[in-house]
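There are 2 protein chains.
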Amino acid sequence: MKSFITYDSQSDFSIHNIPFGVAILQDDSVVCVTRVGDTVIDLAYLYEKGYFDQFELEENLFEAFGLNEFISLGKEITVPFREYLQQLFLEDSELSKDEETQTEAFHFIDTVFMQLPVHIPNYTDFYSSIEHATNVGKMFRDPENALLPNWRHIPVGYHGRASSIVVSGTPIHRPSGQSKPKDSDVPVFGPSQRLDFELEVAFITNAYTELGETISTADAEDNIFGLVLFNDWSARDIQQWEYVPLGPFLAKNFGSSISPWIVTLEALAPFRTAGPKQEPEVFPYLQFEGNKNIDLKLQTTLKPESGVENVICNSNFKYMYWNMSQQLAHHTINGCNIEVGDMYASGTISGHTEDSFGSMLELTWGGTKPLTLSDGTERKFINDNDTVIMRGWCENGEIRVGFGEVEGKILPAKA
Amino acid sequence: MKSFITYDSQSDFSIHNIPFGVAILQDDSVVCVTRVGDTVIDLAYLYEKGYFDQFELEENLFEAFGLNEFISLGKEITVPFREYLQQLFLEDSELSKDEETQTEAFHFIDTVFMQLPVHIPNYTDFYSSIEHATNVGKMFRDPENALLPNWRHIPVGYHGRASSIVVSGTPIHRPSGQSKPKDSDVPVFGPSQRLDFELEVAFITNAYTELGETISTADAEDNIFGLVLFNDWSARDIQQWEYVPLGPFLAKNFGSSISPWIVTLEALAPFRTAGPKQEPEVFPYLQFEGNKNIDLKLQTTLKPESGVENVICNSNFKYMYWNMSQQLAHHTINGCNIEVGDMYASGTISGHTEDSFGSMLELTWGGTKPLTLSDGTERKFINDNDTVIMRGWCENGEIRVGFGEVEGKILPAKA
């Protein structure tokens, strides 16, 4: 497949990708867009020019602050729609000869502001990397019995705060809160001293279900539109003091950052792979067939204010013990209903090796082994004015499909 | 104050109340409403007839599926608006003489279907009754050290699932899920055997804040529009197996039920009272002035399918250790943003005496002391086809302001 839109061979946004996002254009209009290379394509404009007439959409769903209406059409529409877009961007297509439309609908990426791609009604965070759960268990509980008894039976998850999910590039203030230092009998109050990132991937659902309805592992992926990169910022000291017995709360809900482009499951299909073997056997409602993991390379870098990016982690989404179909089947087995635009994050994705750990907590082993950056400074956790950048891409020697990045800078605590 | 709309002296919806809700009328229109006695008043119709012209609203906000737009106007508008409504319903008012409008705008309560009063973007559940937290700690942890170390320092809370909050009258299917019986080495799967209610009260916010912004205890109530009764259905066996380390998840998100009428903070003002003394002293951001608790009587009844209501609990919202202002100040101290329509529930409200405990878990002490109902049957937890009804009202010898009820029937597990 060769597109008439030129791009670098290392671009995440090859003709094989065709992701979806929402952008503010230079004329301040907010529209749904796709992207090839560094070219952002205004879908609302293409709609107006009649390029989508064959889909008989009732209105211009792309003149919207979120992709929710579009993705709610379901895969019956959105899969052929994406394939049609792909054809439209090939050499010798109708669009390739329509210079007037190209002039109006095509925008260089640096001239637009990417927004949250969907309105997010509900957000759940899982805890599905066995390496991450084991590392945390070793540090905070029993090194000999690091995994809790339920972990291999349940894709453990908890509800997060949807309101504080922001798009890549949004700075986050260091949270203040209570924590209890080890050498103190009483808690203290102040800016978090152990601010961390968590390298995650999140999926977005495209359907509404009724309360009481379940989704099987076989049907789960029909309800998943696509994925984004997810940085689940975490304040470890606040978390440690607050999380027993009801889970993380203020340690997490001060902000989570996502990448702006939703990469569809269909674009990721060539990169499917088997997940880790699950022992003991899981309950029938969690059993599944086929390759449910994705060979999606993940990287995290840390950039000090006046420095360069330091690669601090190389991980892979394929390490996930529990896959997305199992997560969604578990989430709904009690009849919990899902909504269009819901976000379901994986939990921190760590691998076996020390350089694949997906959080500072693990990389510095609770702050006991600081990282040394290229500028000679050390990090136990994230400093003020540090920027954390996560990238994700799939590559198989023939094609490349990537997510771009999710970037976030930590500003000092407010007062 | 005497209304031209007649009502029983024991009505929760006296002229002193003037609550807000959303109803489907007999012509299938969905409108925002208020209520006096058993008369539901269509605010959208009153708007059309010019009764609200003085407020210079930009459009008919009452033709809506939720009160979100109305409450987002803030107390500067909504407080005088409610007072104006109250005047409108008094004897000799303009409306009292406008029989045509009364005919069109007034509906008998049994002829309308009450809906969720707001769209709920985010839902948080606190754990703010010291009696409840102590009871749970005694049962599941150490009877001598029932309260966890953080409890008197932090209004402990966690995020719940907004999508599965339903209005009173909506039946709920018993959830299925994993649990681990005490005598088993491995978990089992099936319908919950320990289905419970939790008697709670929830407040609803009327504002959007920016990420990074905090709300002080002094300002908190400006951001609280009003309250509803809240039944936080809970599956204790599922909860016990899943909740360590990230908190309750499938044990809660199969459904929560709320009463349809939002009673405003202003209607509850005459019933303010002091809360329990807080020891040790709390951090400055949690300190407050004035009477922040409310003398709101709460009752729970259990009705078997072919039986009568059995009163199983009499509690009071005034028992709360942490008040709403502290909850909201805590929730935002890290910069977490709030949204219009967010729901913040209190956690189970228990008193000191055994008949004031707000859950079956406490009332039957983990199932060890079953309740005997009037039909001679016993209950450790909630059976299929049982209906749980919660009521709440304030009374001071002169006036009565109440919430009506939140009712929910448990249907058998699906398949």
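Chains as they are written, first to last, in the numbering used here: chain A, 1 to 415; chain B, 1 to 415.
Cβ atoms here follow ideal geometry from the backbone N, Cα and C, with glycine treated the same way.
A quick note: this is a predicted structure, and the numbers were derived from the prediction, not measured.
- Ala329 (chain A) is positioned such that its CB atom lies closer than 7 Å to that of Ala220 (chain A).
- Residue-level contact check: Asn231 (chain A) does not touch chain B, since none of the beta carbons of chain B fall below 7 Å from its beta carbon.
- For Gly226 (chain B), the enclosing beta strand (DSSP E) covers residues 224-231.
- According to the DSSP assignment, Val136 (chain A) belongs to the alpha helix (DSSP H) that extends over 130-140.
- Judged by DSSP secondary structure, Thr387 (chain B) falls within the beta strand (DSSP E) whose first and last residues are 387-395.
- Contacts with chain A at 7 Å (Cβ-Cβ) include Pro175 (chain B).
- Using a 10 angstroms sphere on the CB of Thr372 (chain B), the tally of other CB atoms stays under 16, which defines it as exposed.
- Residues Ser179, Ser192, Gln193, Arg194 of the same chain have their beta carbon placed closer than 6 Å to that of Asp237 (chain A), with the five preceding and five following residues left out of the count.
- In the three-state reduction of the DSSP assignment, Arg236 (chain A) falls in the helix class, which pools H, G and I.
- Burial is judged here by how many other beta carbons sit within 10 angstroms of a residue's own beta carbon; Leu411 (chain A) has fewer than 16 and is exposed.
- Cβ-Cβ separation between Gly275 (chain B) and Lys292 (chain B): approximately 6 Å, consistent with a contact (criterion under 8 Å).
- The Cβ atoms of Gly177 (chain B) and Asp125 (chain B) lie no closer than 7 Å to each other.
- Check the Cα spacing between Lys182 (chain B) and each of B:Asn223, B:Tyr158, B:Trp241, B:Tyr321: the tightest is with B:Trp241.
- Neighbours of Ala162 (chain B) in chain A, taken as residues whose beta carbon is under 8 Å from its own, are Pro121, Asn122, Ala162 in chain order.
- In the three-state reduction of the DSSP assignment, Ala220 (chain A) falls in the helix class, which pools H, G and I.
- Annotation: Asn314 (chain A) to Pro304 (chain A) spans about 19 Å, alpha carbon to alpha carbon.
- Less than 7 Å separates the beta-carbon of Val167 (chain B) from that of Leu116 (chain B).
- Rounded to whole angstroms, the separation of the alpha carbons of Asp196 (chain A) and Leu246 (chain B) is 17 Å.
- The beta carbon of Ala23 (chain A) is closer than 7 Å to those of Val31, Val33, Val40, Val112, Phe113, Met114, Gln115 in its chain, skipping five residues each way along the sequence.
- For Glu242 (chain A), the neighbours in chain B by C-beta distance under 8 Å run, in chain order, Asn150, Ile154, Val156.
- Judged by DSSP secondary structure, Asn314 (chain B) falls within the beta strand (DSSP E) whose first and last residues are 310-316.
- Between Val263 (chain A) and Gly226 (chain A), the CB-CB gap stays under 7 Å.
- Beta bridge pairing from DSSP links Leu90 (chain B) with B:Ser3.
- With 16 or more other CB atoms across the displayed protein chains lying within 10 angstroms of its CB, Gln326 (chain A) is buried.
- Per DSSP, the unbroken beta strand (DSSP E) holding Tyr158 (chain A) starts and ends at 157-159.
- Taking C-beta separations shorter than 6 Å and ignoring five residues to either side along the sequence, the partners of Gly392 (chain A) in its chain run Leu229, Leu296, Leu298, Phe403, following chain order.
- For Cys336 (chain B), DSSP assigns no beta-bridge partner whatsoever.
- By the C-beta criterion, the region 268-284 of chain B is judged not to be in contact with the region 365-382 of chain B, since fewer than 3 inter-stretch pairs fall below 8 Å.
- Along the region 269-328 of chain A, the alpha helix (DSSP H) does not occur as any fully enclosed run of 4 or more residues.
- Only His330, His331, Ile333, Asn334, Gly335, Cys336, Asn337, Ile338, Glu339, Asp342 from the region 324-351 of chain A bring a Cβ to less than 8 Å from some Cβ of chain B.
- A distance below 8 Å between beta-carbons, with the five flanking residues on each side excluded, links Ser72 (chain A) to the following residues of its chain, in chain order: Asn206, Ala207, Tyr208, Val340.
- Partner residues in the beta bridge of Val33 (chain A), as assigned by DSSP, are A:Gly21, A:Asp42.
- In the DSSP assignment, Ala202 (chain A) falls within the unbroken beta strand (DSSP E) covering 199-205.
- In the DSSP assignment, Ile262 (chain B) falls outside any alpha helix (DSSP H) and carries neither an H nor an E.
- Per DSSP, the unbroken beta strand (DSSP E) holding Ala345 (chain B) starts and ends at 343-345.
- Among the residues facing chain A, Asn206 (chain B) is not included, as its CB has no counterpart in that chain under 7 Å away.
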